[in-house]
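Residue 84 in my numbering sits at position 74 of the sequence shown, with consecutive numbering throughout. Read the structure below first, then the notes.
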Amino acid sequence: MNENEITIQKFFQFFRDKNVEAMLDCYHQDIEFSDPVFGKLQGIAVRGMWKMLLERSPDLIIESYNIRADENKGSAEWKATYTFSKTNRVIVNKVNSKFTFLDGKIIAQKDKFSMWKWAGMALGLGGYILGFTSVIKNQVRSDALNGLKIYMKRKKVT
């Protein structure tokens with residue numbers, strides 16, 4: 011196992027342990043993150059997102075597998091099981107992550123998952139019916155980003 015594979019493995023172990031500070035230490039200070047819910051985030055916003063998500067998901071279970079990396083890039087598959095706080099619905103989200111490394115740290119993480127499946131689990135029948143539409147995607151993203159902004163201001167995330 012090479013150093014970057016070890017970094018990804020540590021990242022997910024810290025994620026499983028809900029050790030957000032250790033998890034964030036795997037990131038380069040100039041981290042760039044993207045996923046279907048939040049879109050593109052950078053630096054402090056990425057740190058705030060993970061702090062918020064871990065704080066709001068006390069029942070979170072993380073499983074990771076197929077971790078691979080070379081000297082510049084890596085990938086992993088993982089599954090997050092948690093209760094979505096807004097609707098109290100259980101989510102089982104299967105995610106594919108791509109990583110880029112700089113100076114032994116993760117400088118970029120791009121997560122992909124089915125927004126349609128996620129919306130169905132999170133929002134129920136309406137999410138299943140409309141989860142693939144830009145209206146739902148844009149509303150979910152807007153809600154997520156507004157929630158992150160409020161969280162970061164309230165918690166003074168820096």
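The beta-carbon is built from N, C-alpha and C at its ideal position, and this holds for glycine as well. Predicted, not measured: the structure shown is a model, and the values here were computed from it.
Please classify Ser74 as buried or exposed, where buried requires at least 16 neighbouring CB atoms within 10 angstroms. Against the sequence shown, residue 74 aligns to sequence position 64. That one is buried.
Stretch pair the stretch 31 to 41 + the stretch 82 to 96: three plus CB contacts closer than 8 Å: no
What do you get for Thr17, buried or exposed, if any count of 16 or more other CB atoms within 10 angstroms of its CB means buried? Numbered from its first residue, the sequence shown carries residue 17 at position 7. With 16 or more other Cβ atoms within 10 Å, it is buried.
Cut-off 6 Å between Cβ atoms - residues of its own chain near Lys50, not counting five sequence neighbours on either side: As a working note, residue 50 is residue 40 in the sequence shown. These residues qualify, in order along the chain: Ser44.
According to DSSP, which residues form a beta bridge with Arg78? Reading the sequence shown from its first residue, position 68 is the one you call residue 78. DSSP, once it has assigned bridges, lists Ser85 as partnering Arg78.
Going by C-alpha to C-alpha distance, which of Lys108, Val100, Pro68 and Pro46 sits closest to Glu87? Within the sequence shown, the letter at position 77 stands for residue 87. Answer by Cα proximity: Lys108.
Do you know how far the Cα of Gly141 is from the Cα of Trp60? Within the sequence shown, numbered from 1, the residue matching residue 60 stands at position 50. Within the sequence shown, numbered from 1, the residue matching residue 141 stands at position 131. Straight-line Cα distance between these residues: approximately 24 Å.
Quick one: what does DSSP say Thr17 is sitting in, helix, strand or coil? In the sequence shown, residue 17 corresponds to position 7, counting from 1. Of the three classes helix, strand and coil, the one that applies to Thr17 here is helix, per DSSP.
Delimiting residues of the alpha helix (DSSP H) encompassing Leu70: For the purposes of this step, residue 70 is identified with residue 60 of the sequence shown, where counting begins at 1. From DSSP, Leu70 is part of no alpha helix (DSSP H); its letter is neither H nor E.
Are the Cβ atoms of Val56 and Val150 separated by less than 7 Å? Within the sequence shown, residue 56 is the residue found at index 46, counting from 1. Within the sequence shown, residue 150 is the residue found at index 140, counting from 1. No, they are not a contact pair.
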